[in-house]
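Sequence lines, in order, name chains G and A. Here the first sequence is numbered in the working numbering, starting from 1263 and rising by one per residue. Here the second sequence is numbered in the working numbering, starting from 373 and rising by one per residue.
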Amino acid sequence: MSRFCGTLEQQYGLPTVSLANENVVSFGINTHFKYSTGVPLRWVGMPYPFTGLNKEMLKTYLEGKDNVSGKPVMQAIIEALTRPLTAEEKKTGTPAQAAPEPRFLPPDTEDNLQRLFKDKHWTDYNPIILPTEERVAAMLKGTSHKPDEVVKTGAGTFGTTRPFTVEKVAIIAVMAGAKPEYLPVILALASQVPYSDSTTSNANMVLVNGPIRNEIGMNSGIGALGPNAEANSVIGRAMNLIHFVIQGYQEGVTGYSSLSNPLRYNNVTIAENEEALPEGWKPFHVLMGHKPEESVLTVLMGWNFVNCSGSVVEHYPPQFLMRDFMRVLAAIGSATIIMDPSVAYLLRNSQGFQTKAALAEWLSDNAEVPAGTYWANSIASGMMGPLAKQGLEPYASWRKVSNDTLINHLPNPQNIRTIVVGGSTASVWFLTDFMAGRGVSIDDWR
Amino acid sequence: MKRKSLLFNCLWGVALLTLCAIATMQTRSVRASEDNLIAVLNPAVTEKLAERVPLVAPRLDTLEGKTIYLVDMNYEGFGPTPVFDEMQMWFAQNMPGVKTIYKLKSGNYVADDSALWREISENGGDGVIMGVAG
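Here is the structure:
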């Protein structure tokens, strides 16, 4: 909305007022204006939600107070269009930038520093390892890259300018409790900021493939998704610290995830059990175009994470239950199944799926959801609804049918992926709607 | 007299030794406290402030007799957002001299709609109320 109002103001000379709920307004007039657009738009804030309200409630909103000015909403809207521009709103040029952060913090006691890091929102509120110069120097031995090398510049939310160096990542790695040999993975992870955030409680997943999994002792066997291995735990924690410190994410300031998501505690940090893949089933990174001998990190994002609730039964093949469970996926057209090697074995040898792609094609052809359920998801309606209106298939057809008509809501099998992980002690799986970003080389950060 | 002087000197000596001991302890205490201070590297990243872009569109002296576009950014994808119906009714009842025109932006809520911006400008729009985000 900032972009559109900015265009109308700058290119067409039209006074505008942006109407949004409280958190969007707060973000718009603070972080987004200061660090991203530089345009001092005029905002009026109303309570949330806007949808599903009857006319009386909507009338109450318009008669209520603007969250920005405290004036009645309609009065605030009128004033935003008529009040003369202030000197502040006419300002141009580059604002005085904050002084660069000093390399060291003032020396203090252990307790005070632990408190300082928490007060600054630099932690996940568990104690951190204090990043002394010696520890950071030892950590930097985990990479050949120079400490002052810039990893990325556009690291802030919406890509705002927050340049950070290899040394900053090493500091984070120390804080998280990492060993130097984890640093290339954490650098690759840091290179992927800004991470995906949404008010709608999404989460991220970190997948590691290739030789480095075993070199650093990542657990891809028994208990792989739980808190049972140092490398998995620490790398998942490092992602949160990167998110908070480097990206600058803070709930209520730069992000507003109403419920957030418990998966964020460790960001589902896993390594594929490549050694346990059945014949013909290739590792995740190979299917994404990398060589088997490359070490690759992939960040995935999504909303749904559904447990199959028990192991595979004799009388109902696993792909049938996966198909059934796919009804709940958040309708962004993607699915990622995290399955135990025993499930992969059954699917390959009992059900005839010779490859991951064969399973994806079957699921794409057979997974269905009632059209009404599909469109009830605001992510589907918000993003695909306008495409339906423009006549783009299959969305246009899905929009025309009755609510109870079943549609194949995962039409592209390439967006249905499989990760094999676990210790073959139970034939279990999780169904997720996570979609994969571009895998990045970990080897480049060695 | 000599005995008294000797006693006096002894007392002075004891007092001096005590003072020295206290001073030493204090020094050690300060050093111990300094030794407990830890120097750590700063993880913080400096965020760069954006170049300021001024508002240049003059504000309206009044809305009376003006055309105000209510632009629905189609947040839910199926627009229209009913709050704009209420807003149009509010203007009709409270400021009938304001002409309001409702427009649903094409595409999803992040998609630009340059054709609409042009239309508003060419058709004599005087101001825009855009919403609703969130």
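Where is the CB? At the ideal position from N, CA and C, for every residue including glycine. For clarity, every value in this text was computed on a predicted model and none was experimentally measured.
Residue i to residue j, Cα distance in whole Å?
i, j, result
"G496(A)", "I440(A)", "9 Å"
"E1271(G)", "A1338(G)", "18 Å"
"R490(A)", "V425(A)", "21 Å"
"L1562(G)", "G437(A)", "53 Å"
"R1700(G)", "A1486(G)", "23 Å"
"R403(A)", "A1500(G)", "For R403(A), the predicted structure reports a pLDDT of 48, less than 50, and the residue's modelled location is therefore unreliable. The matter cannot be settled from this model."
"T1461(G)", "F1312(G)", "15 Å"
"Y1511(G)", "I1478(G)", "28 Å"
"L1427(G)", "G1404(G)", "Note that residue 1427(G) is Thr in the sequence shown here, rather than Leu. Cα to Cα, T1427(G) sits roughly 15 Å from G1404(G)."
"R1424(G)", "F1266(G)", "25 Å"
"S401(A)", "N1490(G)", "Note that S401(A) scores a pLDDT of 47, beneath 50, so its modelled location is shaky; the value from the coordinates is reported in the next line. Answer to the nearest angstrom: the Cα atoms are 43 Å apart."
"L1559(G)", "P430(A)", "51 Å"
"T472(A)", "K1662(G)", "31 Å"
"Y1578(G)", "G1439(G)", "44 Å"
"V1590(G)", "D1370(G)", "51 Å"
"P1675(G)", "K1618(G)", "10 Å"
"V1507(G)", "N1476(G)", "29 Å"
"T1348(G)", "L432(A)", "14 Å"
"G1517(G)", "E1284(G)", "12 Å"
"M373(A)", "N408(A)", "Any reading at M373(A) needs caution, since the residue's pLDDT is 47, under 50, leaving its predicted position unreliable; the model's value is listed next. Taking the straight line joining both Cα atoms gives about 52 Å."
"E423(A)", "D1706(G)", "34 Å"
"P1524(G)", "C1570(G)", "18 Å"
"D457(A)", "S1643(G)", "21 Å"
"V1398(G)", "I1433(G)", "6 Å"
"T1415(G)", "N1529(G)", "23 Å"
"V1631(G)", "A1638(G)", "11 Å"
"S1626(G)", "S1686(G)", "26 Å"
"V1690(G)", "I1678(G)", "18 Å"
"N1502(G)", "G1290(G)", "24 Å"
"A1688(G)", "P1580(G)", "13 Å"
"G1514(G)", "N480(A)", "25 Å"
"D1373(G)", "H1407(G)", "32 Å"
So the candidates are the options; which of them puts its Cα closest to the Cα of residue i?
i, options, result
"A1629(G)", "M1584(G), T1667(G), Y1607(G) and A1452(G)", "M1584(G)"
"P1334(G)", "P1309(G), P1473(G), K1353(G) and L1315(G)", "P1309(G)"
"M1467(G)", "R1475(G), L1451(G), K1380(G) and N1476(G)", "L1451(G)"
"P1357(G)", "L1320(G), G1300(G), K1408(G) and N1388(G)", "G1300(G)"
"S478(A)", "F463(A), D457(A), E458(A) and F450(A)", "F450(A)"
"H1294(G)", "K1321(G), G1685(G), G1314(G) and M1263(G)", "M1263(G)"
"P1603(G)", "Q1454(G), S1520(G), S1482(G) and G1517(G)", "S1482(G)"
"A1533(G)", "P1524(G), E1541(G), P1545(G) and N1523(G)", "P1545(G)"
"V428(A)", "L1625(G), V1568(G), R1365(G) and G1275(G)", "G1275(G)"
"S1664(G)", "G1634(G), D1695(G), G1416(G) and G1326(G)", "G1634(G)"
"T498(A)", "L1343(G), Y1444(G), V1398(G) and L1347(G)", "Contrary to the premise, residue 498(A) reads as Asp rather than Thr in this sequence. The shortest C-alpha separation from D498(A) is found at L1343(G)."
"M1697(G)", "W1565(G), K1430(G), G1685(G) and T1278(G)", "W1565(G)"
"S1519(G)", "E1576(G), S1458(G) and V1574(G)", "S1458(G)"
"I1641(G)", "N446(A), F463(A), N414(A) and L413(A)", "N446(A)"
"Q1718(G)", "P454(A), A505(A) and A487(A)", "Outside the shown range of chain G (1263 to 1708) lies residue 1718(G), about which nothing can therefore be said."
"K1745(G)", "W1305(G), K1317(G), T1354(G) and R1345(G)", "Outside the modelled stretch of chain G, which goes from 1263 to 1708, sits residue 1745(G), for which no answer is possible."
"I1484(G)", "V1682(G), I1474(G) and G1268(G)", "V1682(G)"
"V1431(G)", "G1421(G), Y1444(G), F1420(G) and E1655(G)", "Y1444(G)"
"Q1613(G)", "Y1636(G), G1595(G), I1599(G) and F1582(G)", "F1582(G)"
"V1574(G)", "M1601(G), M1550(G), E1555(G) and G1595(G)", "M1601(G)"
Can you tell me the Cβ-Cβ gap for residue i and residue j, rounded? I've got them flagged as a contact below 8 Å.
i, j, result
"T434(A)", "E1363(G)", "That pair is no contact at about 49 Å."
"A1606(G)", "L1539(G)", "7 Å"
"A1593(G)", "H1671(G)", "6 Å"
"N1611(G)", "E1536(G)", "So it is not a contact: roughly 18 Å between Cβ atoms."
"K475(A)", "V443(A)", "5 Å"
"F1692(G)", "F1615(G)", "Incorrect: roughly 18 Å between the Cβ atoms, too far for contact."
Determine, using beta carbons only, whether residue i comes closer than 8 Å to chain B.
i, result
"E458(A)", "Absent from the structure is chain B; the protein chains it does hold are G and A."
Review point. Could you give the uninterrupted runs of the alpha helix (DSSP H) lying entirely in the segment 1598-1634 of chain G, keeping only those of 4 residues or more?
Key: 1603-1611 and 1618-1628
Review point. What residues in the segment 1392-1411 of chain G bring their beta carbon closer than 7 Å to a beta carbon of chain A?
Key: L1392, P1393, T1394, E1395 and V1398
**Study point:** Ordered list of beta strand (DSSP E) runs contained in the segment 1467-1545 of chain G, each at least 3 residues
**Key:** 1531-1533
Review point. Between the segment 406-418 of chain A and chain G, which residues of the former have a C-beta closer than 7 Å to a C-beta of the latter?
Key: N408, L409, I410, A411, V412, L413, N414, P415, A416, V417 and T418
**Study point:** Uninterrupted alpha helix (DSSP H) stretches inside the segment 1354-1425 of chain G (no shorter than 4 residues)
**Key:** 1372-1381 and 1395-1402
Check your understanding: Taking any Cβ of chain A, which residues in the segment 1554-1585 of chain G have a Cβ under 8 Å from it, in chain order?
Key -> none
Exercise for review: Write down every uninterrupted run of the alpha helix (DSSP H) in the segment 1678-1702 of chain G whose length is 4 residues or greater and which is fully enclosed by it, in chain order.
Suggested key: none
Practice item. Return the residues of the segment 1585-1598 of chain G that lie within a Cβ-Cβ distance of less than 9 Å from chain A, sorted by chain order. Key: none
**Study point:** Where the segment 461-472 of chain A meets chain G: residues whose CB sits under 7 Å from a CB there
**Key:** W462
**Study point:** Within 8 Å of chain G by C-beta, residues of the segment 426-444 of chain A in sequence order
**Key:** P426, L427, V428, A429, P430, R431, L432, D433, T434, L435, I440 and V443
Exercise for review: Entirely within the segment 1288-1348 of chain G and at least 3 residues each: give me those beta strand (DSSP E) ranges in chain order.
Suggested key: 1305-1308
Point to revise | Cβ-based contacts, 8 Å cut-off: residues of the segment 1417-1429 of chain G near chain A | key: A1417, G1418, T1422, T1423, R1424, P1425, F1426 and E1429
Check your understanding: Name the residues in the segment 1351-1380 of chain G whose C-beta lies less than 7 Å from a C-beta of chain A; which are they?
Key -> E1351, K1352, K1353, T1354, G1355, T1356, P1357, Q1359, A1360, P1362, E1363, P1364, R1365, F1366, L1367, P1369, D1370, T1371, E1372 and L1375
Check your understanding: Which residues, in order along the segment 1324-1348 of chain G, keep a beta-carbon less than 7 Å from a beta-carbon of chain A?
Key -> L1324, M1336, I1339, I1340, L1343, T1344, R1345, P1346 and L1347
Point to revise | chain A contacts made by the segment 1501-1521 of chain G, where a contact means CB separation under 7 Å | key: V1507, I1508 and G1510
Check your understanding: Taking any Cβ of chain A, which residues in the segment 1285-1319 of chain G have a Cβ under 7 Å from it, in chain order?
Key -> N1285, V1286, K1296, Y1297, S1298, T1299, G1300, V1301, P1302, Y1310, F1312, T1313 and K1317
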